[in-house]
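Here the structure comes first, spelled out in structure tokens, and everything after it is commentary.
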Amino acid sequence: MSNTLQSGTFVENLLAPRRASASPWLTWYSASGERIELSGRVFDNWVAKSANLLGEVFDLEEDSLVVLDLPAHWKSLVVALAALHHGATLVDAEHDDAQQATLWVTAQPNDERIPGSCEILAVNPAALALSFGSDLGPVAEDFNASVRSYGDQFYPSPVAGGATAIATNGGAPISLATLFGAEAKSQGTILVRAELPVLDLLPYAIGQWAAGDGIVLVEDGVEVTARLRDGERISFDYSPQD
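See the structure below:
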């Protein structure tokens, strides 16, 4: 069967097997000293709340174009999967079609690149931030202030496997069926440097999670010590060349 004819709840099929798990799914180390560990259960809860927000506030649906203008971070991965729950297409801020986006997700809601016709979701990456802060601007939705009020469960409708999940300038688009259909091979817990663009990280992260393995994501400036590696049981460091 071709990708065009396939349909399914792709993010749901990824998350459901570890929805009750307390084992680490994603661990974040920030340069400011934060260590945030999200189990499969907690990560799923964040994705569900975010998907409900995206649907109720922005009417996100299949083929909606979403600019994910955030660095690699646990929150950007949450929002990415929440958008894919709806069958949306993810692009970065430099994509040729960014000016036609339905939604722009950003840590800089007053960025002059954001077109006036585009809705804005502002995300403060600080772990304990309960609001975006004073620079929110007059039109952006505050992810930090709003997301916790949304439902802990999301009930996705099937979306077409041939729908584009990730689009890049000059590269072939990645469909939902391709993104979530790659063969998963267990490798153990992997360390990833957060300077990798989030849309480059996302396919690899999905493969890791599908195999039942966790990811340790470290921000630039974090010293990766032997103690950190031993404590997190790191198998190896990932780079785009792996």
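Anchor point for the sequence shown: position 171 equals 203 in this note's numbering, and the numbering is continuous, going up by one each time.
We treat Cβ as the ideally placed atom computed from N, Cα and C, and that holds for glycine.
For clarity, every value in this text was computed on a predicted model and none was experimentally measured.
The criterion of a C-beta distance shorter than 8 angstroms is satisfied by Gly40 and Gly193.
Within the region 55 to 121, the runs of beta strand (DSSP E) that reach at least 3 residues and sit entirely inside it are, in chain order, 56 to 61, 67 to 71, 97 to 101. Annotation for Leu234: the continuous alpha helix (DSSP H) segment containing it runs 230 to 242. Between the alpha carbons of Trp60 and Ala80 lies a distance of about 19 angstroms. Comparing alpha-carbon positions, the option among Tyr182, Gln185, Pro235, Leu70 lying closest to Ala112 turns out to be Pro235.
By the neighbour-count criterion, in which 16 or more other beta carbons inside 10 Å mark a residue as buried, Phe268 falls on the exposed side.
Cβ-Cβ distances below 7 angstroms link Ala199 to Thr121, Val123, His127, Pro205 in the same chain, with the five nearest sequence neighbours on each side left out; the list follows chain order. Taken atom to atom, the span from the alpha-carbon of Pro170 to that of Ile146 is near 14 angstroms. Using a Cβ distance threshold of 8 angstroms, Asp167 and Asn142 count as a contacting pair.
Taking a C-beta distance under 8 angstroms as the contact criterion, Ala83 and His105 do not qualify as a contact pair. For Ala197, the CB contacts under 7 angstroms within the same chain, skipping 5 residues up- and downstream, are Leu116, Thr121, Leu122, Ile206, Ser207, Leu208, Leu211 in chain order. Each of Cys150, Ala139, Val99 was checked against the Cα of Ala125, and the nearest Cα belongs to Val99. In this structure Pro56 is buried. Its beta-carbon is surrounded by 16 or more other beta-carbon atoms within 10 angstroms. Under DSSP, Phe268 forms a beta bridge with Ile222. Distance from the Cα of Asp76 is smallest, within the candidate group Ala114, Ala139, Ile68, for Ala114. A straight line joining the alpha-carbon of Asn176 with that of Asp245 spans about 28 angstroms.
Within the same chain, Arg51, Ala52, Ser53, Ala54 come within 7 angstroms of Arg73 by CB-CB distance, once the 5 residues on both sides are set aside.
Here Ser149 is exposed, its C-beta having fewer than 16 other C-beta atoms within 10 Å.
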